[in-house]
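Protein chains in written order, with this note's numbering: chain A, 26 to 241; chain B, 26 to 241.
Below, the structure written as structure tokens:
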């Protein structure tokens, strides 16, 4: 299965490319913004597509033409300017979803925020609410399509080394999780069609990733 | 017809309240954020509802319980912080749409931006694109409902005195239009059910407002 990773140059993206390339079933195509970012992916023998997520849907669709699945893990993050929150976290995600449709790529894995419900928008601190809202609308856009989607809602992301163990369910208590483990969860999700049409939260835990994802 | 005006304390909103109260068919309920804003509306004998658009859907729905139509003319404007662009122009609009559904108010008039198409997002200057995107998603959310909507796309808004004359069509050349004339267009839209399910652009022109709106 060939997978277009949108946001490949991000921290989760880089782990993910590595895990995909190590997996016999999976093959990565890294979508990145600038040629200068390519060396990491070339070192991992991953194909590269240079596309600006703030550009046209058609450019993303072209990068998606020869893949079987798309992972959206791009993110302005909660601490950049709110203009990027709209243009990347919301509009970039929606354009990627539309590109998937155009390129007839059915499988779509979205890396969301831990809780993107209406209640989460309303109860978020004022500085964080716009990010939650942007992710909410991206998730809403995806679930309204007939794509084979999975939405992953990670807890607080850390740069700790991965443990390959998580707690994963539709609803879990808020907690932290290493980015490396989220990348593992994404790879396992791509390998498990039982995750299609599902959304789940993930934090650090005691269950091996494969087993946790299969249980969904 | 009783009309809840969301964003009544804005410049278009204030003109609109005046025109609604002068119209024998219409009756205004002004939704404003703070008690201190109430005097203008009381002077125009308009009912007032104090609701924060950044609050709960239920609060907006409660204000909408006894009305026949809702006009959304709230706006952070293109020059406020982009956090408010998400929380007011997009999320505030969506919450108002959801409140209309909850309160069983079918008629909904949205004041949008001149061009909220995908093409307009892509071609907008970087500082303006997030605003266009936010309005795009609000419009998309509305057109996906089964509400009796009209979306008004005004040209560049000025504070010039109204002329009661406009150019109005699905697509017109970009141009300016006084806020006072947009308020007249909104009132005429509320009085013309032929505008239901339609969206149109408005700039200054030579056709009397009533006639222009009836021609849609």
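Think of the CB as a built atom: it goes at the ideal place given N, C-alpha and C, for glycine as much as any other residue.
Residue-level contact to chain B via CB, residue i, 8 angstroms cutoff
i	result
residue 229/A	no
residue 244/A	There is simply no residue 244/A to check, as chain A begins at 26 and stops at 241 in what is shown.
residue 100/A	no
residue 59/A	no
residue 117/A	no
residue 107/A	yes
residue 162/A	yes
residue 158/A	yes
residue 90/A	no
Among the options, nearest to residue i - alpha-carbon criterion
i	options	result
residue 116/B	156/B, 174/B, 204/B, 50/B	156/B
residue 67/B	241/B, 52/B, 77/B, 79/B	52/B
residue 79/B	32/B, 44/B, 71/B	32/B
residue 231/A	219/A, 194/A, 217/A	194/A
residue 132/B	70/B, 121/B, 73/B	121/B
residue 111/B	92/B, 154/B, 211/B	154/B
residue 56/A	39/A, 165/A, 49/A	39/A
residue 47/A	199/A, 64/A, 69/A, 106/A	69/A
residue 201/A	218/A, 158/A, 54/A, 185/A	185/A
residue 158/B	107/A, 212/A, 213/A	107/A
residue 65/A	87/A, 36/A, 198/A	36/A
residue 105/A	72/A, 152/A, 45/A	152/A
Contact with chain A by residue i, beta-carbon distance below 8 angstroms
i	result
residue 111/B	yes
residue 52/B	no
residue 20/B	Coverage of chain B is limited to positions 26 through 241, which leaves residue 20/B absent and any answer about it impossible.
residue 179/B	no
residue 81/B	yes
residue 154/B	yes
Contacting residues, own chain, Cβ-Cβ under 7 angstroms from residue i (five flanking each side not counted)
i	result
residue 89/A	29, 95, 124, 125, 128, 130
residue 215/A	26, 28, 51, 94, 134
residue 3/A	Residue numbering for chain A in the displayed model covers 26 to 241; residue 3/A lies beyond these limits and cannot be assessed.
residue 42/A	30, 33, 53, 55, 66, 69, 71
residue 280/B	Only positions 26 to 241 of chain B appear in this structure, which leaves residue 280/B out of reach.
residue 212/A	41, 44, 45, 48, 51
residue 208/B	37, 40, 41, 44
residue 91/A	27
Residue i burial status per 10 Å Cβ neighbour count (16 or more: buried)
i	result
residue 243/A	Chain A is shown from 26 up to 241; residue 243/A falls before or after that span and cannot be answered.
residue 288/A	What is shown of chain A runs 26 to 241, which leaves residue 288/A out entirely.
residue 34/A	buried
residue 150/A	exposed
residue 98/A	buried
residue 175/B	buried
residue 181/A	exposed
residue 118/A	buried
residue 101/A	buried
residue 114/B	buried
residue 169/B	exposed
residue 218/B	exposed
residue 164/B	buried
Cutoff 8 angstroms; reference residue i; Cβ partners in own chain excluding five residues on either side
i	result
residue 206/B	187, 188, 189, 190, 191, 227, 229, 234
residue 196/A	226
residue 60/A	75
residue 178/A	137, 138, 139, 140, 141, 224, 225, 226, 227
residue 166/B	118, 119, 122
residue 240/A	193, 232
residue 161/B	141, 142, 143, 145, 146
residue 58/A	34, 75, 76, 77, 78
residue 109/A	101
Proximal residues to residue i (C-beta, below 6 angstroms), its chain only, five neighbours per side dropped
i	result
residue 221/B	173
residue 224/A	176
residue 62/A	34
residue 82/A	120, 123, 124
residue 13/B	The displayed coordinates of chain B run from 26 to 241. Any statement about residue 13/B would go beyond what the structure contains.
residue 86/B	124, 127, 128
Taking only runs that begin and end inside the segment 64–102 of chain A, name each unbroken alpha helix (DSSP H) of 4 or more residues, in chain order. Counting whole runs of 4 or more residues, the segment 64–102 of chain A contains the alpha helix (DSSP H) stretches 64–68, 82–89.
Extract the residue ranges of the beta strand (DSSP E) inside the segment 123–178 of chain A, only unbroken runs of 3 or more that lie entirely within it. Whole beta strand (DSSP E) segments, 3+ residues: 132–136.
What ranges does the beta strand (DSSP E) occupy inside the segment 198–241 of chain A, keeping only unbroken runs of at least 3 residues that lie completely in it? Within the segment 198–241 of chain A, the complete beta strand (DSSP E) runs of at least 3 residues are 201–203, 223–229.
Complete runs of the alpha helix (DSSP H) confined to the segment 27–62 of chain B [at least 4 residues]: You should have 36–47.
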